[in-house]
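Enquirer: Below is the structure I would like to discuss, written out as structure tokens.
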Amino acid sequence: MTAVPRVVATPDDASWTVRLRRRIGGLVPAGEALPDSQPSYVSSWIYVFGVLTLAALTVVVGSGIVLTIGGSAWWHVSSVGHFVNSLHLWSVELFFMFMVIHLWGKFWMAAWRGRRTMTWVTGVVAFVTSIGTAFTGYLSQSNFDSQWIGAEGKDGVNAIGVGAFFNVLNPGQMLLWHVVLLPLVVGALTVIHIVLVRRHGVVPPIDATGGD
Amino acid sequence: MTTTQRPRTPDSHAFSKRPYDLVKEFVIALGVVSLLTVGLAVIFSSPDEPAITMSGWAKADPADVVATATGELAGTTTSATYGPPYNHNADGQSVLGIPLQKLGGVRIPVDSAALVLQPLADQVGSPAVTGALARWRAAASSQRTAWATAYADALAKAPGGDPAQVPAGDYGPVPNLTAAFLDVARSGYLEGSLTSSGNFYGGDQTRSLLLLSDGAYLEDRAVAQQLGGDQWGMMNETGNYPGQPWMWLYTFWYQVKPFSTSENADAQVWALMMLLTLALMLLPLIPGLRDIPRWIPLHRLIWRDYYRTHPRL
Numbered sequence: 001m002t003a004v005p006r007v008v009a010t011p012d013d014a015s016w017t018v019r020l021r022r023r024i025g026g027l028v029p030a031g032e033a034l035p036d037s038q039p040s041y042v043s044s045w046i047y048v049f050g051v052l053t054l055a056a057l058t059v060v061v062g063s064g065i066v067l068t069i070g071g072s073a074w075w076h077v078s079s080v081g082h083f084v085n086s087l088h089l090w091s092v093e094l095f096f097m098f099m100v101i102h103l104w105g106k107f108w109m110a111a112w113r114g115r116r117t118m119t120w121v122t123g124v125v126a127f128v129t130s131i132g133t134a135f136t137g138y139l140s141q142s143n144f145d146s147q148w149i150g151a152e153g154k155d156g157v158n159a160i161g162v163g164a165f166f167n168v169l170n171p172g173q174m175l176l177w178h179v180v181l182l183p184l185v186v187g188a189l190t191v192i193h194i195v196l197v198r199r200h201g202v203v204p205p206i207d208a209t210g211g212d
Numbered sequence: 001m002t003t004t005q006r007p008r009t010p011d012s013h014a015f016s017k018r019p020y021d022l023v024k025e026f027v028i029a030l031g032v033v034s035l036l037t038v039g040l041a042v043i044f045s046s047p048d049e050p051a052i053t054m055s056g057w058a059k060a061d062p063a064d065v066v067a068t069a070t071g072e073l074a075g076t077t078t079s080a081t082y083g084p085p086y087n088h089n090a091d092g093q094s095v096l097g098i099p100l101q102k103l104g105g106v107r108i109p110v111d112s113a114a115l116v117l118q119p120l121a122d123q124v125g126s127p128a129v130t131g132a133l134a135r136w137r138a139a140a141s142s143q144r145t146a147w148a149t150a151y152a153d154a155l156a157k158a159p160g161g162d163p164a165q166v167p168a169g170d171y172g173p174v175p176n177l178t179a180a181f182l183d184v185a186r187s188g189y190l191e192g193s194l195t196s197s198g199n200f201y202g203g204d205q206t207r208s209l210l211l212l213s214d215g216a217y218l219e220d221r222a223v224a225q226q227l228g229g230d231q232w233g234m235m236n237e238t239g240n241y242p243g244q245p246w247m248w249l250y251t252f253w254y255q256v257k258p259f260s261t262s263e264n265a266d267a268q269v270w271a272l273m274m275l276l277t278l279a280l281m282l283l284p285l286i287p288g289l290r291d292i293p294r295w296i297p298l299h300r301l302i303w304r305d306y307y308r309t310h311p312r313l
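In structure tokens:
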């Protein structure tokens, strides 16, 4: 029997697939996507709040997914649904608490140094988008809070012309923004933020002169 | 002349390293946050005050329903005089002369009088209502306004706003229309009529919520629960729950002058918050602001281990 000779294909530089693979491969230095070591200066409790924010976001999304299974009114009529709503509420509160502490920590570390401006920018935009996501959640509760927050909130968004497109009195629109559009944006920003952190590494101490 | 140049931030990958298990850190964090969440949910639950229904409003404060309906017909309610995005009856708010509200356009048209007339027109088999509606529609616009305004004034003077205690006057069909409207509200039919408006599937409560907001009942209920605009209202929620504390700065501006007394407060506060958000976002590029962490060296606490072994020269 004659063995079929093995043909090794050389990467084609014109191939879109090859280009995309190289692009993705070059996002983070080799071994830094999930490193098993950290710079020795990473030694403070403040670093924990980044991962706590990510963990809280995971619980927020998980509890939100369970709520979507039951539908928008399920939690009003089911004790299980009400409990899942409570999980969703408190994970959101924890998420914001961790994120604000993380943000303040990064501020006092001047964590934008060393070409990390975009890491800071994506973090701030993720924070602001999260506020919008939580706001649409309050508008989607279909209870007294939704009525009052909608009645109050409409004047703000209408005053700057946004209310013509983003109608806080329309729970159908707000619910879709809450469960689809805004979570997609927050998720994408989180991924970009984490990739940037892994790409540039954790910011060294202020006035550190070099490797040691 | 010599200049002192700030040292460039070195590459983090050039520093000595120590073993660290990122995945284990995340799994532990997820476990801790999950336990915390379950604990808080079990202990504190979550608020769910039922939405106000139109029949509930009509039973709790019928005089407010009648006064609101009269205001819609007279064109004096908040929604009737709102401007964009609901109607052209005002220009709305502006900032530095820029009519931001008007620029959005009237994309969600709402006729406030129709909030009353359409549910009544949907009623079948009531000759009294049909007659009152026909008389209203046959009258000139100025006559309609005169009737409704006169009735609104009379209601305001009547004890408790009680329609039964309004003296006789030239109110046209307005008392009949508003009384019939109160009956529709009591029956529980009003939400469906305003929400669906020809569509089997509802989902858009704009008209119902505008009508409810035009009355005093919604705000009275909110103020009683410390949710008023001057009570840091929108960031709070019913009961003793934290609400949205992350909106404290936005809500804060409404509590202080000049915003608390400005007719353009909403647009001004939004413009200010957008400016502040932009400043926070671009903080790394703003001299002075980006130097605060050097001037107030809290970072020496964060990196105290590093600075202990690497004292400054």
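Residue numbers (full-length UniProt numbering), protein chains in the order written: chain A, 1 to 212; chain B, 1 to 313. Glycine included, each C-beta is placed from N, C-alpha and C at the ideal position.
(1) With a threshold of 8 Å between beta-carbons, can Thr209 of chain A be considered close to chain B, or not?
(2) Could you run through the region 42-65 of chain B and flag, in chain order, every residue whose CB is less than 9 Å away from some CB of chain A?
(3) Should Tyr217 of chain B be labelled buried (16 or more other beta-carbon atoms within 10 Å of its own) or exposed?
(4) Return helix, strand or coil for Val110 of chain B, following the three-state DSSP convention.
(5) Hey, how far is the Cα of Ser142 of chain A from the Cα of Thr251 of chain B?
(6) In three-state terms, what does DSSP make of Arg308 of chain B?
(7) Would you list the one or two residues that DSSP bridges to Ser37 of chain A?
(8) If we count the other Cβ atoms within 10 Å of its Cβ and call it buried at 16 or more, is Met235 of chain B buried or exposed?
(9) Can you list the residues of chain B that Leu94 of chain A reaches, using a CB-CB cut of under 7 Å?
(10) DSSP on Val28 of chain A, reduced to helix/strand/coil?
(11) Check this for me: beta carbons of Met281 of chain B and Val125 of chain A, under 8 Å apart or not?
(12) With a 10 Å radius around its C-beta and 16 neighbouring C-beta atoms as the bar for buried, classify Ile149 of chain A as buried or exposed.
(13) Assign His178 of chain A to buried or exposed, taking buried as 16 or more other Cβ atoms, counted over all protein chains shown, within 10 Å of its Cβ.
(14) Gly188 of chain B to Ser55 of chain B, Cα distance in whole Å?
(15) Output the boundary residues of the alpha helix (DSSP H) element that contains Val59 of chain A.
(16) Can you list, in chain order, the stretches of the alpha helix (DSSP H) that have 4 or more residues and sit fully within the region 94-152 of chain A?
(17) Are the region 134-146 of chain B and the region 13-29 of chain B touching, with three or more C-beta to C-beta distances below 8 Å?
(18) Less than 8 Å between the C-beta atoms of Val66 of chain A and Val84 of chain A, yes or no?
(19) Are the C-beta atoms of Trp120 of chain A and some chain B residue less than 8 Å apart?
(20) Under a Cβ-count criterion, where at least 16 other Cβ atoms within 10 Å of its own Cβ denotes burial, should Ser97 of chain B be classed as buried or exposed?
(21) According to DSSP, which residues form a beta bridge with Ile296 of chain B?
(22) Could you give the residue range of the alpha helix (DSSP H) that holds Glu219 of chain B?
(23) Can the beta-carbon of Leu211 of chain B be found closer than 8 Å to that of Leu73 of chain B?
(24) Taking Ala208 of chain A as the reference, which of B:Ser34, B:Asp204 and B:Arg308 has the closest Cα?
(25) Inspect the CB distances between the region 162-173 of chain B and the region 112-132 of chain A and report whether three or more fall short of 8 Å.
(26) Taking beta-carbon pairs under 8 Å, can you tell me which members of the region 13-34 of chain B lie near chain A?
(27) Cβ atoms of Thr206 of chain B and Val110 of chain B: under 8 Å apart, would you say?
(28) Classify Met1 of chain B as helix, strand or coil using the three-state DSSP reduction.
(29) Comparing the C-beta of Thr129 of chain A with each C-beta of chain B, is any distance below 8 Å?
(30) Which ranges does the alpha helix (DSSP H) cover as unbroken runs of at least 4 residues, wholly within the region 51-134 of chain B, from first to last along the chain?
(31) Among the residues of its own chain, which have a CB less than 6 Å from the CB of Val23 of chain B, if the five just before and after it don't count?
(32) Short check: CB of Thr117 of chain A to CB of Leu189 of chain A, under 8 Å?
(33) Using three-state DSSP, classify Pro167 of chain B as helix, strand or coil.
(34) Short check: CB of Val202 of chain A to CB of Ser12 of chain B, under 8 Å?
(35) Just list the alpha helix (DSSP H) runs in the region 143-200 of chain A, keeping only unbroken ones of 4 residues or longer that don't cross its boundaries, in chain order.
(36) Flag this pair as yes or no: are the beta carbons of Thr129 of chain A and Val185 of chain A separated by less than 8 Å?
Expert: On the basis of the data shown:
(1) Residue mapping note: residue 209 of chain A aligns to position 209 of the first sequence, counting from 1. Chain B, which has a Cβ nearer than 8 Å to the Cβ of Thr209 of chain A, makes this yes.
(2) Val42, Phe44, Ser45, Ser46, Pro47, Asp48, Glu49, Pro50, Ala51 and Ile52
(3) Residue 217 of chain B sits at position 217 when you count from the first residue of the second sequence. So Tyr217 of chain B counts as buried.
(4) Counted from its first residue, the second sequence places residue 110 of chain B at position 110. Of the three classes helix, strand and coil, the one that applies to Val110 of chain B here is coil, per DSSP.
(5) In the first sequence, the residue the question calls residue 142 of chain A occupies position 142. In the second sequence, the residue the question calls residue 251 of chain B occupies position 251. Taking the straight line joining both Cα atoms gives about 23 Å.
(6) As a position in the second sequence, residue 308 of chain B is number 308, starting the count at 1. Helix.
(7) Here the question's residue 37 of chain A lines up with position 37 in the first sequence. Ser37 of chain A pairs with B:Pro19.
(8) Translated into the one-based positions of the second sequence, residue 235 of chain B becomes position 235. Met235 of chain B should be labelled buried.
(9) Counting from 1 along the first sequence, the entry for residue 94 of chain A is found at position 94. The answer, in chain order, is Val33, Leu36 and Thr37.
(10) Translated into positions along the first sequence, residue 28 of chain A becomes position 28. Looking at Val28 of chain A - three-state DSSP - the assignment turns out to be coil, as it is neither helix nor strand.
(11) For the purposes of this step, residue 281 of chain B is identified with residue 281 of the second sequence, where counting begins at 1. For the purposes of this step, residue 125 of chain A is identified with residue 125 of the first sequence, where counting begins at 1. Going by C-beta atoms, Met281 of chain B is nearer than 8 Å to Val125 of chain A.
(12) As a position in the first sequence, residue 149 of chain A is number 149, starting the count at 1. Flag for Ile149 of chain A reads buried.
(13) Taking the first sequence and counting its residues from 1, the one referred to as residue 178 of chain A is at position 178. Classification for His178 of chain A: buried.
(14) Taking the second sequence and counting its residues from 1, one reaches residue 188 of chain B at position 188. Taking the second sequence and counting its residues from 1, one reaches residue 55 of chain B at position 55. In a straight line, the C-alpha of Gly188 of chain B is about 5 Å away from that of Ser55 of chain B.
(15) The sequence position of residue 59 of chain A within the first sequence is 59, counting from 1. Looking at the DSSP string, the run of the alpha helix (DSSP H) that includes Val59 of chain A is Val48 to Gly70.
(16) 117-139
(17) no
(18) For the purposes of this step, residue 66 of chain A is taken as residue 66 along the first sequence, with counting starting at 1. For the purposes of this step, residue 84 of chain A is taken as residue 84 along the first sequence, with counting starting at 1. Going by C-beta atoms, Val66 of chain A is nearer than 8 Å to Val84 of chain A.
(19) As a working note, residue 120 of chain A is residue 120 in the first sequence. Interface residue, yes.
(20) In the second sequence, the residue the question calls residue 97 of chain B occupies position 97. The residue you asked about is not Ser; residue 97 of chain B is Gly in the sequence shown. Burial call: exposed.
(21) Taking the first residue of the second sequence as 1, we reach residue 296 of chain B at position 296. Bridge partners of Ile296 of chain B: none, in fact.
(22) Position 219 of the second sequence, counted from the first residue, corresponds to residue 219 of chain B. Note, Glu219 of chain B: alpha helix (DSSP H), Tyr217 to Ala224.
(23) Counted from its first residue, the second sequence places residue 211 of chain B at position 211. Counted from its first residue, the second sequence places residue 73 of chain B at position 73. Cβ distance not < 8 Å, so Leu211 of chain B and Leu73 of chain B don't count as in contact.
(24) Here residue 208 of chain A refers to the residue found at position 208 of the first sequence. Comparing Cα-Cα distances from Ala208 of chain A to each of B:Ser34, B:Asp204 and B:Arg308, the minimum goes to B:Arg308.
(25) no
(26) His13, Ala14, Phe15, Ser16, Lys17, Arg18, Pro19, Tyr20, Asp21, Leu22, Val23, Glu25, Phe26, Ala29, Leu30, Val32, Val33 and Ser34
(27) Walking along the second sequence from the start, residue 110 of chain B turns up at place 110. Walking along the second sequence from the start, residue 206 of chain B turns up at place 206. Contact: yes.
(28) By one-based count along the second sequence, residue 1 of chain B stands at place 1. Low per-residue confidence applies at Met1 of chain B: pLDDT is 43, beneath 50, and the placement is therefore not dependable enough to give any value.
(29) Here the question's residue 129 of chain A lines up with position 129 in the first sequence. It does not; no Cβ of chain B falls within 8 Å.
(30) 54-60, 62-74, 100-104 and 114-122
(31) Residue 23 of chain B sits at position 23 when you count from the first residue of the second sequence. If we look at Val23 of chain B and ignore the five residues flanking it on each side, it has no Cβ neighbours.
(32) What you label residue 117 of chain A is simply residue 117 of the first sequence in a count that begins at 1. What you label residue 189 of chain A is simply residue 189 of the first sequence in a count that begins at 1. Their beta carbons are not under 8 Å apart, which means Thr117 of chain A does not touch Leu189 of chain A by this criterion.
(33) As a working note, residue 167 of chain B is residue 167 in the second sequence. Of the three classes helix, strand and coil, the one that applies to Pro167 of chain B here is coil, per DSSP.
(34) Along the first sequence, read from residue 1 onward, the residue named residue 202 of chain A stands at position 202. Along the second sequence, read from residue 1 onward, the residue named residue 12 of chain B stands at position 12. Yes.
(35) 144-159, 171-176 and 182-200
(36) One-based indexing of the first sequence puts residue 129 of chain A at position 129. One-based indexing of the first sequence puts residue 185 of chain A at position 185. Yes, the pair counts as a contact, with Cβ atoms nearer than the cut-off.
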